[in-house]
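Data first, discussion second: the structure below is written as structure tokens.
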């Protein structure tokens, strides 16, 4: 399943294949009670839980399941505790790499599930304005209620008689001592704020120190060059027969390094389609690993890596991008599929790719 695939550093795709069938069952309102009674919440909790390498499940799985849970009736605290669903949703809500939309869905679920725990059974969204006023009035203390009732009868008349207003005879312009208000507010104002209030935060993204650090990292990236190596099997082991300068990828996460050793060799292939901007195919020749060789352009680097690792009939174990003719390899970045890329990614020059594929291709028995 997905957890075994993740521990073996392979793409976890089984749950994504089953997702349409699971959604079709969960959205049936007449089956909701049966789904809850038969322990389906335990399964949903397991689908939302992080994988063994602490990465989040696929974005489609998280988004679809959180939306489906919005339509379920309020779950009992015992069900949430026994299934671990509350803990799984809270983890997504607090996870730094979760999307803003999914965090809003998780916050809404947590708010609904927490009301019975804190004995807040009233859902203010279903109450009218008069019902809210009556409820707030009923919760006032007896002293405040008497003062409110007595003040409402003659407060307006007393205000007009007690003190002269500006323009009236006897009004004197002078500073007055502030007095605390004796009013009791029972009409709940309507909020115009959307989303969760987080309080004041200091935005340091554009500070001088951060800008300097980013510029320094960009300069040092150009100087850090890796080595892409082609190996040839020999009777005594493997011998390096080609070395090229190469750069790695920075997708915002921990992308494994591409290391060609005696235990991590494979066959290099051009993909179909050749730019790897869609799910790819390969021609198997009995290799243990398959490395996708694709040109730069047409889509982001993270998209190329994502589709390469979903290769058919066997996924590619690494992505080798070659730059345009006459250009040296450059550092790569991407964000669209950054959280889903699990294979190593490197870039080599066009000359290195031509040399590698012409002289040391898999069809010639070299790896």
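Residue numbers (our numbering): 151 to 517.
Ideal Cβ placement from N, Cα and C applies to all residues, glycine included.
With a cutoff of 8 Å on beta-carbon distance, residue 495 and residue 416 are scored as not near each other.
In the structure shown, the three-state DSSP call for residue 394 is strand. Counting along the chain, the unbroken beta strand (DSSP E) around residue 472 starts and ends at 468-472. Pairing residue 425 with residue 447, the inter-Cα distance amounts to about 7 Å. In this structure, the straight-line span from the alpha carbon of residue 287 to that of residue 333 is close to 13 Å. The DSSP-derived three-state label of residue 462 is strand.
Counting along the chain, residue 191 sits inside the alpha helix (DSSP H) bounded by residues 190-198. Residue 492 is positioned such that its CB atom lies closer than 8 Å to that of residue 161. The beta-bridge partner set that DSSP reports for residue 451 is empty. By the neighbour-count definition (other C-beta atoms within 10 Å, threshold 16), residue 248 is a buried residue.
For residue 186, the closest of 395, 225 and 320 by C-alpha to C-alpha distance is 225.
Per DSSP, the beta bridge partners of residue 419 are 442. Looking at the DSSP output, residue 431 sits in a beta bridge with 422 and 462. In the structure shown, residue 323 adopts coil according to DSSP, grouped into three states. Counted as a single uninterrupted DSSP element, the alpha helix (DSSP H) harbouring residue 172 occupies residues 164-176. Inclusion of residue 464 and residue 206 in the CB contact set at 8 Å is not warranted, their separation being larger than that value. Here the C-alpha atom of residue 257 lies approximately 18 Å from the C-alpha atom of residue 191.
Non-local beta-carbon contacts of residue 199 in its own chain, meaning distances under 7 Å to residues more than five positions away in sequence, involve 238 in chain order. In the structure shown, residue 185 falls within a helical segment according to DSSP collapsed to helix, strand and coil. Secondary structure note for residue 498: its beta strand (DSSP E) is the uninterrupted segment 495-498. Put simply, the backbone Cα of residue 172 is about 33 Å away from that of residue 442.
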